[in-house]
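Notes for the one structure printed next.
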């Protein structure tokens, strides 16, 4: 009753959508697409090694074929902007070769992690011709595909890498991350 009354009397605050300059929140709520290289998504995860050291992994995956195109990992927690930038450059080089701008419309769907909203990262995406799409926290237009990949890696792949320390884990990661849909854990 109280809610109906406040709504009827227009006493509720209106929700204001905030978007930062140079980025878009617009997408149709559907993350996957019919063709490759139209929308990429990105996320990161952190895991602890047996000796207590942390490793941070971030990746770019194609929303169509669900392949991880590139990934960057480092010892320690946190994701500095250089990791976001390096993974984008690596993904562009891997899919299109070395070039100054991508040959077609391409979106990068990410959350608002500080590495993704850094000015240098936004500048890089703009210079490559990649549309910077941000998602709202707890939005139905979420980055579920990338978040699902994080869960898959933690559940199905991390138990099979050498996690004694960060150096050994970092050396073991490439075989599992880039081949995550081709090489299934035994």
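Numbering (our numbering), first residue to last: 9 to 194. Every residue, glycine too, gets a C-beta built ideally from N, C-alpha and C.
query: CB of residue 49 within 9 Å of CB of residue 63, strictly; result: no
query: Beta-carbon proximity of residue 162 to residue 79, cut-off 9 Å; result: no
query: Coarse secondary structure for residue 177, derived from DSSP in three states; result: helix
query: Residue nearest to residue 87 in terms of C-alpha spacing, selected from 119, 60 and 110; result: 119
query: Residue 142 versus 125, 179, 132 and 83, residue with shortest Cα-Cα distance; result: 125
query: Residue 106 classed as buried or exposed, judged by whether at least 16 other C-beta atoms fall within 10 angstroms; result: exposed
query: Beta-carbon proximity of residue 137 to residue 109, cut-off 9 Å; result: yes
query: Residues bridged to residue 90 (per DSSP); result: Per DSSP, none; premise fails for residue 90.
query: Sheet register partners of residue 47 (DSSP bridge); result: 115
query: Distance, residue 114 Cα to residue 46 Cα; result: 5 Å
query: Pair within 9 Å by beta-carbon distance, residue 55 and residue 177; result: yes
query: Residue closest to residue 91, alpha-carbon to alpha-carbon, out of 152, 73, 102 and 65; result: 65
query: Buried/exposed call for residue 43, threshold 16 Cβ in 10 Å; result: exposed
query: Buried/exposed call for residue 172, threshold 16 Cβ in 10 Å; result: exposed
query: Coil, strand or helix - residue 26 by DSSP; result: Confidence is the limiting factor: at residue 26 the pLDDT is only 49, short of 50, which leaves the residue's position unreliable and the question unanswerable from this model.
query: Beta-carbon spacing of residue 132, residue 97 below 9 Å; result: yes
query: Neighbourhood of residue 158 by C-beta distance below 6 Å, restricted to the same chain and skipping five residues each side; result: 51 and 53
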